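Quick note: the sequence shown uses our numbering, first residue 186, plus one each step.
All residues carry an ideal CB built from backbone N, CA and C; glycine is no exception.
Keep in mind the model is a prediction, meaning the values are calculated, not measured.
These notes are about the structure you will find just below.
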Amino acid sequence: MKRLLAAAGIAACMVSTSGAQTAPPYPPITLPLKLDQVPGKPVWYSTGNPGIPGKDNEGNTSNAGFVVTSDGVVVFDALGTPSLGWALLQQIRKLTDKKIRYVVASHYHADHIYGMQAFRDHTDALIVAQERSGEYKDNEGIADEKASQRLDQRRGALFPWVDGNTRVVPPDIAFRERMTIALGDRRLTLFFAGPAHSSSDMMMMVEPDGVLFAGDIVQNSRIPFMNSDDVSTAQWLDALGEVEKLDPKFIIPGHGSPSTGAKQAIAFTRDYIRYLRKTMTAAVQNWTDFDAAYSQADWSKYRDMPAFASNNRGNAYRIFLELEQSQFKADKP
C-alpha cells in the first residue's frame with residue numbers, strides 16, 4: 186500500500202536483510218558495474234552506456250548513485266534490470282554495512298526502475314517517488330511510457346536480464362512538490378521538476394555537499410528521449426533554470442557524464458531543446474510539412490551524439506506537435 190507522508194524530515198529504523206551475501210538471485214551481468222566517488226564527499230555514482238538499452242550494454246544506460254550518511258544509505262535510481270540493481274547493491278555493501286534506508290526514483294521509466302526489484306527483495310529500504318509515478322501503468326488516458334508494453338519489449342531486448350520474473354515495483358512514499366529526508370549528518374531535498382521528460386520527474390540535492398542528482402532533466406552530451414505526450418519542453422526549460430539557480434558544486438545527470446561544471450552540463454540539454462523548438466517553430470509558423478522541415482534542418486551538431494539515430498526524429502516530431510497545438514490554441518478567439 187502506498188504511504189503518503191508529509192514532506193518533512195523523515196527517519197526510519199529499518200533492518201537490512203542478509204541477501205547481499207547470498208548467491209546472485211538474478212542472471213549475472215558480464216560487464217562490471219563501475220563506481221566513482223564525488224571527490225571528498227560520501228557520494229558515489231555509476232555512469233551508464235550513453236546509447237539505448239540493448240544486449241551490447243546489458244541494459245546499463247542510465248546513471249545511478251547513493252549517499253552514505255552517518256545513519257544509513259540513500260540510493261538514487263536503481264538502473265534498468267534487476268541484475269544491475271543487484272550489482273549496485275553489492276557495490277554498496279562493499280563500501281558500507283550501514284542500512285539502506287531509501288531508494289529514490291528520479292522518474293518511472295524502465296531504464297531507471299527495474300533494478301528496484303533487487304532492493305525490494307533484498308533490503309527493507311523505502312522506495313520514494315513523485316506522486317505522478319502512479320500513472321506508470323496501462324491507463325489509456327496517460328500517454329507516458331506504458332508499463333506492460335515496455336516490460337514486454339525489454340523482455341525481448343534484454344533477455345535474460347529482464348525476463349518473466351521481472352516486475353515493476355511501486356513506491357512506498359509519494360510526495361507532491363517537495364520532500365526532505367533528514368538522515369544523520371546529511372539533508373536530502375527532493376524537488377518535483379515535471380512534467381518535463383516524464384510526468385514524474387524529480388531531482389535530489391545533497392547538503393551540505395552541494396551534489397545534485399538531476400535525473401533525466403539533465404542529459405549531458407546524449408540526445409534525450411522526448412517522444413511522449415507527457416513531455417513538456419517548456420516546463421523542461423523551466424526546470425533547467427531551477428537547476429541553474431541551485432548552483433550545485435557537482436551534478437550527476439540521468440544520462441551522460443557527471444561534472445563539476447553544472448552550467449556546461451545544463452547547457453547541452455538546454456541548447457538541444459532550444460534548437461529543436463526554434464527549428465520546429467519556423468516550420469509550424471510557415472505551415473511547412475514536418476518531413477520537409479526535418480530533412481531541411483541542419484543536424485550536424487548532434488548527428489554523431491549517442492542516441493541520435495533512435496531519438497532525434499521522434500523528438501523533433503513531438504515538439505512539432507507541441508508547438509502546433511499551442512499555436513492553434515493561440516489562434517482561437
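- Taking a cut-off of 8 Å on C-beta distances, the segment 352–363 touches the segment 308–324, as three or more cross pairs fall below it.
- Look at the segment 206–286 and you find these whole runs of beta strand (DSSP E), each 3 residues long or longer: 228–231, 249–254 and 257–261.
- Taken in chain order, the complete beta strand (DSSP E) segments of 3 residues or longer contained in the segment 424–505 are 435–441.
- In this structure residue 286 is buried. Its beta-carbon is surrounded by 16 or more other beta-carbon atoms within 10 angstroms.
- As the crow flies, the alpha-carbon of residue 499 is around 11 Å from that of residue 476.
- With a cutoff of 8 Å on beta-carbon distance, residue 294 and residue 330 are scored as near each other.
- DSSP places residue 304 inside the alpha helix (DSSP H), whose first and last residues are 301–307.
- Relative to the Cα of residue 397, the nearest Cα in the group 239, 434, 372 and 504 belongs to 434.
- As DSSP reads the structure, residue 314 sits in a beta bridge with 359.
- Separation of residue 409 and residue 450 (C-alpha to C-alpha, rounded to the nearest whole angstrom) is 13 Å.
- DSSP lists 372 as the beta-bridge partner residues of residue 367.
- In terms of Cα proximity to residue 370, the closest of 221, 507, 247 and 253 is 253.
- A Cβ-Cβ separation of about 6 Å places residue 300 in contact with residue 273 under the 8 Å criterion.
- In the displayed model, residue 402 falls within a strand according to three-state DSSP.
- Where residue 391 is concerned, the enclosing beta strand (DSSP E) starts and stops at 387–392.
- Relative to residue 308, the option among 271, 335, 280 and 316 whose CA is nearest is 271.
- Secondary structure at residue 343: coil, using DSSP grouped into helix, strand and coil.
- Ranking 503, 507, 469 and 457 by CA distance to the CA of residue 483 puts 457 first.
- With a threshold of 16 other beta carbon atoms within 10 Å, residue 216 falls short and is exposed.
- The segment 388–408 makes contact with the segment 419–438, as at least three CB pairs between them are under 8 Å.
- Bounds of any alpha helix (DSSP H) do not take in residue 408, whose DSSP letter is neither H nor E.
- One Cα belongs to residue 282, the other to residue 243, and the distance between them is close to 28 Å.
- In this structure, the CA atom of residue 305 is about 13 Å from the CA atom of residue 211.
- Less than 8 Å separates the beta-carbon of residue 214 from that of residue 269.
- Comparing alpha-carbon positions, the option among 501, 229, 358 and 480 lying closest to residue 279 turns out to be 229.
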